[in-house]
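**Student:**
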Amino acid sequence: MPTRERGVILPPLRAPSRSEPRARPRTAVTAAGLARLRRACAAVVLLLVLAGCAPASVTDQGDAVRFAYDFFLWTAAGVFTIVSGLIVWSIIRYRRKNDELPKQIHGSNTLELTWTIIPLILVLILFAVTLNAQGKVLHRAHNPAVTIKVTGFQWSWQFDYEGSGAQVVGVPKQPPTMVVPVGEPVRIKLVSADVVHSFYVPRTLFKRQAIPGTVNEFDLTFDQTGTYNGHCVQFCGVAHADMVFDVRVVSQSEFQSWLASAARAPAGASGTP
Ligand SMILES: [Cu+2]
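Just so you know, we're using numbering that gives the first Met the number 0 here: the sequence shown kicks off at 0 and counts up by one.
1. Label TYR93 either buried or exposed according to how many other C-beta atoms from any shown protein chain fall within 10 Å of its C-beta, with 16 as the threshold for buried.
2. Flag GLN133 as yes when its Cβ comes closer than 6 Å to any non-hydrogen atom of ligand 1, and as no otherwise.
3. Relative to ligand 1, is the shortest distance from any of its heavy atoms to the C-beta of CYS40 smaller than 6 Å?
4. Looking only at its own chain, which residues have a Cβ that is under 7 Å from the Cβ of ASP193, when we skip the five neighbours before and after it?
5. With a cut-off of 8 Å, do at least 3 Cβ pairs link the region 166 to 174 to the region 121 to 131?
6. Taking its Cβ as the centre, do 16 or more other Cβ atoms sit within 10 Å of THR213, making it buried, or is it exposed?
7. Tell me which same chain residues have a C-beta within less than 8 Å of the C-beta of GLY236, skipping the five on either side of it?
8. Classify PRO184 as buried or exposed, calling it buried when 16 or more other Cβ atoms lie within 10 Å of its own Cβ.
9. Any heavy atom of ligand 1 closer than 6 Å to the CB of MET242?
10. Reducing DSSP to helix, strand and coil, say where TRP88 ends up.
11. Whole angstroms are fine: how far does the CA of ALA63 sit from the CA of PHE158?
12. Report yes if the C-beta of HIS230 is less than 6 Å from at least one heavy atom of ligand 1; otherwise report no.
13. Given 8 Å as the limit, is there contact between the region 218 to 229 and the region 195 to 206, that is, 3 or more CB pairs closer than that?
14. Which residues in the same chain as THR80 place their Cβ atom closer than 6 Å to its Cβ, once the five residues preceding and following it in sequence are excluded?
15. Based on Cα-Cα distance, which residue from HIS230, ILE90, GLU99 lies nearest to LEU36?
16. Please determine, among ALA34, VAL57, ILE147, ALA261, the residue with the shortest C-alpha to C-alpha distance to LEU289.
17. Could you tell me the boundaries of the alpha helix (DSSP H) in which ALA209 lies?
18. According to DSSP, is GLU216 part of a helix, a strand, or is it coil?
19. How far does the beta strand (DSSP E) with ASN228 in it extend, from its first residue to its last?
20. Nearest-angstrom Cα distance between ARG139 and ARG65?
21. Whose C-beta lies closer than 7 Å to the C-beta of HIS239 among residues of the same chain, with five residues either side of it excluded?
Structure (structure tokens):
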């Protein structure tokens, strides 16, 4: 019997018979839709690649970091492309065409082993690449060309060249310059005079904290001359933003003459000739 609800006549309720398949809307995939999907995927991939760009390194140690970074980035991009591509392909290839149930599969040892072994191999390769980069970054040369004690203090930096007496002291608003030779390992002994600071030269792709009571030692081998800015990246007080400095990489002969003149300059001379 028809029922009446708020003045609308509804048809009688009945269960659909087996011989009467229920009509279901089907989604049509058009060529234009596929083209839009392809363009969207390309835009997403391009954005991800651009977002992952890191500055080129100017040290040997940074090159190792850069290699590991790029390796991870491209591996992730490859995995993303393959997985999302397979998902999109299966959505389109196996979209509903009729009401027949697809072939039902319960378990597959081959598939299970495949999607266990491939990620395992990938993780092992990434682990090896990480260990290799870490080894190069943490390696310290037997005979560094120069050893510089770098002291972070509120709110600037002091550079003491061991064995020469040369000293460069910065003051806020008057950033100091650390002069180093190109192509030779430079040993940094990083300390803090008060609170925790952080030594960071972006073009080295390397950062290390200056912790009171601790000496953090590392080598930087610059592979090209130039001036690169550095700054403290650990908030350390009201003038933290003034804790900037420059690293000026010069030829070895230029460095030797600078070191000799800096050693003759009065202690605490700020800046560079
Ligand atoms: Cu700081």
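We put the beta carbon where it would ideally sit given N, CA and C, even for glycine.
Source: prediction; values computed, not measured.
**Tutor:** This is what the structure gives:
1. Exposed.
2. No, since every heavy atom of ligand 1 falls outside the 6 Å radius drawn around the Cβ of GLN133.
3. Every heavy atom of ligand 1 is 6 Å or more from the Cβ of CYS40, so no.
4. Closer than 7 Å at the Cβ level, and outside the excluded window around ASP193, lie PHE152, GLN153, PRO211.
5. The region 166 to 174 makes no contact with the region 121 to 131: fewer than 3 CB pairs, one atom from each, lie closer than 8 Å.
6. Exposed, because fewer than 16 other Cβ atoms sit within 10 Å of the Cβ of THR213.
7. Cβ within range, chain order: GLN153, TRP154, VAL194.
8. Classification of PRO184: buried, given that the 10 Å Cβ count is 16 or more.
9. Yes - ligand 1 has a heavy atom lying nearer than 6 Å to the Cβ of MET242.
10. It is helical.
11. Our two residues, PHE158 and ALA63, have alpha carbons roughly 26 Å apart in a direct line.
12. No, the Cβ of HIS230 stays beyond 6 Å of every heavy atom of ligand 1.
13. Yes, the region 218 to 229 is in contact with the region 195 to 206.
14. Excluding sequence neighbours, THR80 sits near nothing in its chain.
15. Among HIS230, ILE90, GLU99, the Cα nearest to that of LEU36 belongs to ILE90.
16. Within the shown structure, residues of the chain are numbered from 0 to 272, placing residue 289 beyond reach of any answer.
17. No alpha helix (DSSP H) contains ALA209, which is instead part of the beta strand (DSSP E) from 205 to 209.
18. In this structure, GLU216 counts as strand in the three-state DSSP scheme.
19. For ASN228, the enclosing beta strand (DSSP E) starts and ends at 225 to 231.
20. Computed Cα separation, rounded: 19 Å.
21. Excluding positions up to five away in sequence, the list reads TRP154, CYS231.
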